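Working notes, structure below.
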Amino acid sequence: MTDPRALFDLSGKVACVTGASSGLGRSAAVALAAAGARVVGVARRAEALESLCNEIGEAAASVAADIADRSSLAQVVDNISSPFGAPDIVVHAAGLNTRQAADDVTPEGWDQTLAINLSAPFFLSQALVPAMKKKGWGRIVNFASLQTTRAFPGGIAYGSSKAGVGQLTRAMAEAWSKDGITANAIGPGFFPTELTAAVFDDPERAARNAAQTCIGRNGTMRDMDGPLLFLCSDASAYVTGQILMVDGGFTAK
């Protein structure tokens, strides 16, 4: 009998994680490496990436790059594939939330938000998919949000981008799943990251958010490990085009 735990084993796989310098991206990189993958972290901050590589060890490499800059995408993809070969897994954890009220949204803020949150996951995936097709196996994991389906104050640009991620995920699944490449998204609730610092810096607000979940607390980094490994491994071979909300039941209430 096959050990079902082997379904989560990522030995021999190469994973690319954007936004790996901090928060959920860094946590994802560490979890994937612990499951056996060799990991390439991508972010703009080289020092933070160096710290990540020191933590993981020889199974990690890094690429300092702005993934929203499409003019350098070809070189970035070459750099990502250089240390361990072309990735089998790509996790799009990089994100931006300008928190501008609708009346105050600037063209620059809008464009930057959509470029990082929506355009970059598509164009980087598009560039990495050919190698996945050759192997007949691939995993794309996007990051959705509570705001994929709900409107929050100051979130019109961010929410629009994350709603787009929901449809992007379904469209990626339609386009590439026949080639052995699944595309899914994780929708985090409130986790303590740089993007949510304004929330957790306000204890009353953080407590209100915790009370809105079914579980009664906000997320911790370990809460993300299981769902992430599920979507990045053979355990989710027949799951594609889905958004898995990891929010303690926030969206169930």
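Heads up: the sequence shown begins at 155 in our numbering, then just goes up one per residue. Built from N, CA and C at the ideal position, the CB exists for glycine as well. Bear in mind the structure is a predicted one, so any value in this text is a computation, not a measurement.
Output needed for residue 390: all residues of its chain with C-beta closer than 6 Å, excluding positions within five of it in sequence on either side, in chain order. For the purposes of this step, residue 390 is taken as residue 236 along the sequence shown, with counting starting at 1. Counting only Cβ-Cβ distances below 6 Å, and skipping sequence neighbours, we find 384.
Can you tell me whether residue 179 is buried or exposed, with buried defined as 16 or more other CB within 10 angstroms of its CB? Position 25 of the sequence shown holds residue 179. Label assigned to residue 179: buried.
By Cβ distance, which residues of its chain are closer than 7 Å to residue 272, with the 5 residues on each side in sequence left out? By one-based count along the sequence shown, residue 272 stands at place 118. Contacts found: 315, 318, 319 and 322.
Suppose you measure from the CA of residue 194 to the CA of residue 297; what does that come to, to the nearest Å? Numbered from its first residue, the sequence shown carries residue 194 at position 40. Numbered from its first residue, the sequence shown carries residue 297 at position 143. Rounded to whole angstroms, residue 194 to residue 297 spans 18 Å at the Cα level.
Which residue marks the beginning of the alpha helix (DSSP H) containing residue 292, and which one marks its end? Taking the sequence shown and counting its residues from 1, the one referred to as residue 292 is at position 138. That residue, residue 292, is in no alpha helix (DSSP H); its beta strand (DSSP E) goes 292-297.
Smallest Cα separation from residue 169: which of 294, 330 and 380? Within the sequence shown, the letter at position 15 stands for residue 169. Of 294, 330 and 380, the residue nearest in Cα terms is 294.
My understanding is that residue 277 touches residue 224, with C-beta atoms under 8 Å, so please give their C-beta distance in whole angstroms. The count along the sequence shown starts at 1 and reaches residue 277 at position 123. The count along the sequence shown starts at 1 and reaches residue 224 at position 70. With 8 Å as the limit, residue 277 and residue 224 qualify as a contact, their Cβ atoms being about 6 Å apart.
Distance, residue 211 Cα to residue 397 Cα: Locating residue 397 in the sequence shown gives position 243, where the first residue counts as 1. Locating residue 211 in the sequence shown gives position 57, where the first residue counts as 1. Distance between the alpha carbons of residue 397 and residue 211 is about 31 Å.
Can you list, in chain order, the residues of its chain with a C-beta nearer than 8 Å to that of residue 400? Leave out the 5 residues immediately preceding and following it. The sequence position of residue 400 within the sequence shown is 246, counting from 1. Same-chain partners within the cutoff: 340, 341, 342, 343, 373, 377, 378 and 381.
Considering only their Cβ atoms, is the gap separating residue 164 from residue 189 smaller than 8 Å? Locating residue 189 in the sequence shown gives position 35, where the first residue counts as 1. Locating residue 164 in the sequence shown gives position 10, where the first residue counts as 1. Result yes, Cβ atoms of residue 189 and residue 164 sit closer than 8 Å.
Is residue 326 helix, strand or coil by DSSP? Start at 1 with the first residue of the sequence shown, and residue 326 comes out as number 172. Residue state, collapsed to three classes: helix.
Measuring alpha carbon to alpha carbon, tell me which of 363, 201, 187 and 402 ends up nearest residue 218. Taking the sequence shown and counting its residues from 1, one reaches residue 218 at position 64. With distances taken between Cα atoms, residue 218 lies closest to 201.
Would you mind listing the alpha helix (DSSP H) stretches within the segment 165-195 that are 4+ residues and don't spill past its ends, in chain order? 177-188
Distance, residue 198 Cα to residue 227 Cα: To locate residue 227, count along the sequence shown from 1; it is residue 73. To locate residue 198, count along the sequence shown from 1; it is residue 44. Those two C-alpha atoms are separated by around 14 Å.
Let me make sure I understand the geometry here. Which of 279, 270 and 325 has the alpha-carbon closest to that of residue 240? Along the sequence shown, read from residue 1 onward, the residue named residue 240 stands at position 86. Per the Cα distances, 279.
Can the beta-carbon of residue 203 be found closer than 8 Å to that of residue 181? Within the sequence shown, residue 203 is the residue found at index 49, counting from 1. Within the sequence shown, residue 181 is the residue found at index 27, counting from 1. For residue 203 and residue 181, no; Cβs fall outside 8 Å.
Going by the beta-carbon positions, is the gap between residue 282 and residue 244 smaller than 8 Å? Mapped onto the sequence shown, residue 282 falls at position 128. Mapped onto the sequence shown, residue 244 falls at position 90. It is a contact, given that the beta carbons lie within the stated cut-off.
Backbone secondary structure at residue 337 - three-state DSSP: Your numbering for residue 337 matches position 183 in the sequence shown. Looking at residue 337 - three-state DSSP - the assignment turns out to be strand.
So residue 192 and residue 213 are supposed to be a Cβ contact under 8 Å. How far apart are they, rounded? Residue numbering aside, residue 192 sits at position 38 when the sequence shown is read from its first letter. Residue numbering aside, residue 213 sits at position 59 when the sequence shown is read from its first letter. Going by Cβ atoms, the distance from residue 192 to residue 213 rounds to 5 Å, so yes, they are a contact pair.
Secondary structure at residue 397, three-state DSSP: helix, strand or coil? Here residue 397 corresponds to residue number 243 of the sequence shown, with the count starting at 1. Residue state, collapsed to three classes: strand.
Cβ neighbours of residue 333 in the same chain (closer than 6 Å, five flanking residues each side left out): As a first step, residue 333 is located in the sequence shown; it is residue number 179 there, counting from the start. Once the five neighbours on either side are set aside, the close Cβ partners of residue 333 are 287.
Helix, strand or coil: which one does DSSP assign to residue 310? Within the sequence shown, numbered from 1, the residue matching residue 310 stands at position 156. In the structure shown, residue 310 adopts helical secondary structure according to DSSP, grouped into three states.
Do you know how far the Cα of residue 158 is from the Cα of residue 308? Taking the sequence shown and counting its residues from 1, the one referred to as residue 308 is at position 154. Taking the sequence shown and counting its residues from 1, the one referred to as residue 158 is at position 4. C-alpha separation (whole angstroms): 44 Å.
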